[in-house]
Structure formats: C-alpha cells, structure tokens
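Chains as they are written, first to last, in this note's numbering: chain A, 5 to 284; chain B, 3 to 167.
We put the beta carbon where it would ideally sit given N, CA and C, even for glycine.
A short write-up of the structure that comes next.
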Amino acid sequence: MIGAEFDYAVAESVDDAIALLAEGGEDAKLLAGGHSLVPLMKLRFAAPSLLVDLRRVDELRGIQTGGDSFRIGALTRHAELQARADMGLVAAVATQIADQQVRNRGTIGGSLAHGDAAADLPAVLLACDGSVVVRGPDGEREIAAADLFEGYLTTTVAHGEVLTEVRLPALTGYGYGYEKFNRRAEDWAMVGVSALVKSDGGVCQDVRIGLTHMGATPLRASAAEDALRGQPLDAEHIAAAAALAADATSPLGDLNATPEYKQHLARVLTRRALTTASAA
Amino acid sequence: MGATVALQVTVNGESHDSEVPARMLLVHYLRDELGLTGTHVGCDTSNCGACTCLVDGESAKSCTVLAVQCDGAQITTIEGMAGPDGELHALQEGFWAEHGLQCGYCTPGMIMAAADLLERRTADGPISEQEVRKGLEGNLCRCTGYHNIVKAVQAAAEASREVAA
Numbered sequence: 005m006i007g008a009e010f011d012y013a014v015a016e017s018v019d020d021a022i023a024l025l026a027e028g029g030e031d032a033k034l035l036a037g038g039h040s041l042v043p044l045m046k047l048r049f050a051a052p053s054l055l056v057d058l059r060r061v062d063e064l065r066g067i068q069t070g071g072d073s074f075r076i077g078a079l080t081r082h083a084e085l086q087a088r089a090d091m092g093l094v095a096a097v098a099t100q101i102a103d104q105q106v107r108n109r110g111t112i113g114g115s116l117a118h119g120d121a122a123a124d125l126p127a128v129l130l131a132c133d134g135s136v137v138v139r140g141p142d143g144e145r146e147i148a149a150a151d152l153f154e155g156y157l158t159t160t161v162a163h164g165e166v167l168t169e170v171r172l173p174a175l176t177g178y179g180y181g182y183e184k185f186n187r188r189a190e191d192w193a194m195v196g197v198s199a200l201v202k203s204d205g206g207v208c209q210d211v212r213i214g215l216t217h218m219g220a221t222p223l224r225a226s227a228a229e230d231a232l233r234g235q236p237l238d239a240e241h242i243a244a245a246a247a248l249a250a251d252a253t254s255p256l257g258d259l260n261a262t263p264e265y266k267q268h269l270a271r272v273l274t275r276r277a278l279t280t281a282s283a284a
Numbered sequence: 003m004g005a006t007v008a009l010q011v012t013v014n015g016e017s018h019d020s021e022v023p024a025r026m027l028l029v030h031y032l033r034d035e036l037g038l039t040g041t042h043v044g045c046d047t048s049n050c051g052a053c054t055c056l057v058d059g060e061s062a063k064s065c066t067v068l069a070v071q072c073d074g075a076q077i078t079t080i081e082g083m084a085g086p087d088g089e090l091h092a093l094q095e096g097f098w099a100e101h102g103l104q105c106g107y108c109t110p111g112m113i114m115a116a117a118d119l120l121e122r123r124t125a126d127g128p129i130s131e132q133e134v135r136k137g138l139e140g141n142l143c144r145c146t147g148y149h150n151i152v153k154a155v156q157a158a159a160e161a162s163r164e165v166a167a
C-alpha cells in the first residue's frame with residue numbers, strides 16, 4: 005500500500021516547523037517517528053497535503069532530570085524510555101509498546117499528540133498528572149494531561165502547534181505496575197492499566213490508576229482510587245478497590261472484546277497492577 | 003505536489019544518491035531502486051517484521067518508514083550481514099546450523115531483528131528462550147517455526163560470546 009502524494013519539508017527548528025505548518029494550511033501534518041501516521045497514510049485514512057519532518061530538530065531530543073520531575077523532549081523514542089530504569093512506570097510501559105522495531109522509531113510526543121485511546125502512554129501521562137508543552141504562532145503553553153485528550157484521535161493541541169516537551173513528576177517513593185492485555189504480543193492493548201501506589205507502613209497514602217482503551221480517551225479509575233486511599237494495602241482491600249475500576253466507563257466494543265469483557269478486564273488488570281505496585 | 007526529494011543513504015557500506023518520491027517507502031527503495039530484494043514485504047502493515055532492516059544500527063520495519071526519513075542514515079540489510087569474503091554472520095550460521103527456517107520468507111527480517119536484540123543486550127551469560135521470544139515479538143513466522151528460530155538466535159549469541167571470550 006502506498007499513500008497519496010504529498011509535499012515534504014524538513015524543519016530545522018521548532019519555529020521553522022511552526023512556520024511551515026502555517027504555510028501548509030489545514031492539511032499540513034507534522035512527522036516524527038511516523039509509526040502512527042504512516043500506517044494511516046498507507047490506508048489513505050490520512051492524506052496530508054504537506055508533511056513537515058521534525059527529524060533534524062535536535063532541540064526536541066533528550067531527557068532532562070531536574071529535582072522532582074522529568075522533562076522529556078517530544079522526539080524521545082520509546083526505545084530510549086525503555087532503557088531508563090530510573091523512570092519507573094514510564095520505562096516499564098515503554099518496554100511493552102508494540103515491538104522493538106516500532107519502539108526504535110516511535111516517539112513519546114507523537115504518541116501523545118496522536119491521542120490513540122489504545123496507545124500505552126496517554127494513560128500513563130494521565131495517571132502521573134503530567135503535562136505537555138506546545139508551541140505555536142501565538143507562543144508557548146502548557147496543557148495538563150487531564151485537559152489534553154478530547155476524543156478518539158483528538159487532542160487539544162491546536163492545528164499549527166508543535167508538541168515540544170512532556171513533563172512528568174518523578175513520583176519518588178511510588179511503587180508501580182502495568183498490566184496490558186492483548187491477543188498478540190505486539191498488539192495494541194485490548195485494555196491496559198497503569199497503577200502508582202505510595203505506601204506508608206502498609207497503608208495506602210496515595211494511588212493513581214490510569215485506564216487504557218476504556219473509552220475515547222484515557223481515563224482515571226477515580227472510584228477505585230478513592231476506595232483504596234487510606235486503606236491497608238492487603239489483598240482484600242486491593243480487590244475491593246479493583247472491583248470499582250470499571251465504574252463510570254463506557255468502552256466501545258470492537259473486534260476483540262465486548263464492552264462487558266473490557267470492563268471485566270479493567271477490574272482484573274487493576275487488581276494485578278495494584279498488587280504489583282503495592283509490593284514494590 | 004509529490005515532487006521528488008533528494009536522498010543520500012549508505013546501504014551496506016555503499017553510498018547512494020537518489021531522487022525519490024516523498025511517499026516512497028524504505029522497503030520499496032531498497033528493493034526496487036537498489037535491487038536489494040532480500041528485504042521482504044510481508045503484511046505491509048508493520049505487523050509481521052519481514053521487512054526489518056537496520057537504520058543507524060537499530061531495527062526498523064521498512065514498510066512503515068518513508069525513504070526520505072532515512073536521509074543521511076546508515077542502513078544494513080540482510081545482504082550486508084555476511085563478510086566481504088562471503089563468510090556468514092554468526093546469526094546466519096545459527097539459522098543454518100539449527101535449521102531456523104522452513105519456507106525462509108521471514109528469515110531476513112528475523113535475522114535483522116535478532117541482530118538488534120543481541121546488540122542491545124547488556125546482560126552477561128547465555129540468552130534465555132524468553133529473552134529471544136520477547137526480542138522477536140515483532141516478527142511473525144507463518145510456518146510457525148519459532149522453536150528452531152529461538153535456538154538459532156541462542157546459538158548465534160553463544161558463538162559470539164565464545165569469540166568475545
């Protein structure tokens with residue numbers, strides 16, 4: 005399969021990319037690793053008039069560790085994240101994205117800007133209460149994870165803006181667990197659950213649970229979080245909290261799973277992820 | 003619209019300057035422009051891994067990469083794995099010795115993905131079956147000959163360890 009024809013430009017800087025996007029009009033698109041966009045172009049679900057390739061924009065690379073947070077350049081590839089044991093949950097999740105070939109090309113900024121409900125990283129950003137930085141013709145702004153994802157493949161990054169950086173709190177002292185269920189090793193998550201737990205003497209001080217593919221956007225399992233906070237981190241309380249993980253969700257059924265099955269998976273995977281996160 | 007783009011790549015040590023359509027995929031550039039047909043098109047949807055080659059030393063599914071994204075890159079295909087005198091790469095030896103192929107269609111992609119796996123590995127000691135299976139999760143063998151593929155990669159890893167020791 006071969007995509008429709010398009011014009012192609014290589015940006016030399018973020019500002020250059022913003023200018024090229026503005027010139028290219030409404031059908032211009034940014035190209036990072038291309039592992040979400042190129043497959044869509046091959047299927048002709050996407051047919052941009054202009055691709056602005058970011059591969060030479062070195063200011064978008066690299067991970068800065070400062071005090072209690074990570075600032076991750078948007079072009080940071082999943083393969084770089086998977087090697088960062090100090091990044092905890094993010095590294096554990098990155099290891100489970102697709103396969104090594106995809107992790108070698110796909111980028112964190114591309115994945116978040118694409119906003120695929122079945123992708124692994126959006127729910128991690130949400131669970132961590134992270135944010136992204138975007139820059140456009142009108143300057144720079146920061147978007148909190150809770151305000152980023154609007155719907156299927158839709159984010160609040162405006163057309164003409166470039167997602168430049170991902171900010172994640174280090175969450176030192178939190179245990180973490182990631183559970184992903186799919187039919188084939190390299191597939192998207194049928195359902196995925198990220199859990200972060202802060203324990204003090206076996207009692208839950210704080211907990212964050214991110215749900216992948218349980219709706220049009222990533223979600224927090226707020227009812228389960230509220231049920232566990234302040235409770236002992238034993239099997240009984242974890243199971244009671246996990247039983248609430250699918251509350252207020254209305255996932256769409258698809259080829260792989262009915263809505264009911266996805267909700268069942270969310271409860272089971274939440275229990276497993278919380279158990280792992282509590283043991284850490 | 004759709005004008006050609008200048009592209010310079012080094013493939014298996016040889017530099018090429020080309021003018022390609024921006025929408026040309028790397029796998030088609032390798033096969034149709036350079037005649038390197040060892041890189042196969044399997045599923046054409048970045049699932050099967052038959053089109054895997056190395057871009058700047060890291061495995062990539064060349065059906066999901068635009069050729070123009072590789073401007074300035076070093077690319078290695080299966081044709082570049084053997085030595086200049088025809089001496090087989092340790093992975094090729096391993097696949098031969100352990101009968102790591104049946105129809106052979108997935109083999110180039112398997113070998114290139116395994117090359118990334120062994121290069122990326124930091125642990126000492128023999129590579130486990132589980133490590134190989136995880137490392138090759140992006141490559142499908144429709145003959146389902148995975149058992150011998152795993153053994154072939156383990157044999158290659160062991161041979162490389164002996165050489166290094």
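Is glutamine 71 (chain B) close to chain A? Criterion is C-beta to C-beta, closer than 8 Å.
yes
In or out: cysteine 105 (chain B) buried (at least 16 other Cβ within 10 Å) or exposed?
exposed
Does the distance from the C-beta atom of isoleucine 76 (chain A) to that of isoleucine 101 (chain A) stay below 8 Å?
no
Let me know if tyrosine 156 (chain A) comes out buried or exposed under the rule of 16 or more other beta-carbons within 10 Å of its beta-carbon.
exposed
Should leucine 93 (chain A) and proline 222 (chain A) be called a contact, given that it needs their Cβ atoms to be closer than 8 Å?
no
Check whether the region 235 to 254 of chain A touches the region 268 to 280 of chain A, counting contact only when three or more Cβ pairs, one atom from each stretch, lie closer than 8 Å.
yes
Considering just the uninterrupted stretch of the alpha helix (DSSP H) at valine 61 (chain A), what are its terminal residues?
Element bounds for valine 61 (chain A): n/a, residue is neither H nor E.
Under 7 Å Cβ to Cβ from histidine 241 (chain A), same chain only, skipping five residues before and after it: list those, please.
Leu232 and Gln235
Run through chain B and tell me which residues come within less than 7 Å of aspartate 285 (chain A), C-beta to C-beta.
Examination of residue 285 (chain A) is not possible in this model, given that chain A is present from 5 through 284 alone.
Looking at the C-beta of glycine 7 (chain A), does it have a partner C-beta in chain B at a distance below 8 Å?
yes
Specify, as a first and last residue, the run of the alpha helix (DSSP H) that leucine 157 (chain A) falls within.
Unbroken run through leucine 157 (chain A): none, as it is neither H nor E.
Beta strand (DSSP E) segment containing tyrosine 180 (chain A), residue limits
178 to 185
Under 8 Å between C-beta atoms, does alanine 52 (chain B) make it to chain A?
no
Taking 8 Å as the CB-CB cut-off, is phenylalanine 10 (chain A) touching chain B?
yes
From threonine 41 (chain B) to asparagine 141 (chain B), what distance separates their C-alpha atoms?
13 Å
Per DSSP, leucine 172 (chain A) forms a beta bridge with which residues?
A:Phe74
Mapping DSSP to helix, strand and coil, what is leucine 269 (chain A)?
helix
What are the boundary residues of the alpha helix (DSSP H) that includes isoleucine 22 (chain A)?
18 to 28
Between the region 203 to 234 of chain A and chain B, which residues of the former have a C-beta closer than 7 Å to a C-beta of the latter?
none
Since glutamate 27 (chain A) meets chain B, which of its residues come closer than 7 Å, beta carbon to beta carbon?
Near glutamate 27 (chain A) there are no residues of chain B at all, since even the closest Cβ is about 14 Å away, more than 7 Å.
Please report the Cβ distance between valine 56 (chain A) and alanine 13 (chain A), rounded to the nearest whole angstrom; I am assuming they are in contact, meaning their Cβ atoms lie under 8 Å.
5 Å
Closest to cysteine 208 (chain A) by CA distance: which of A:Ala50, A:Leu85 and A:Ala199 is it?
A:Ala199
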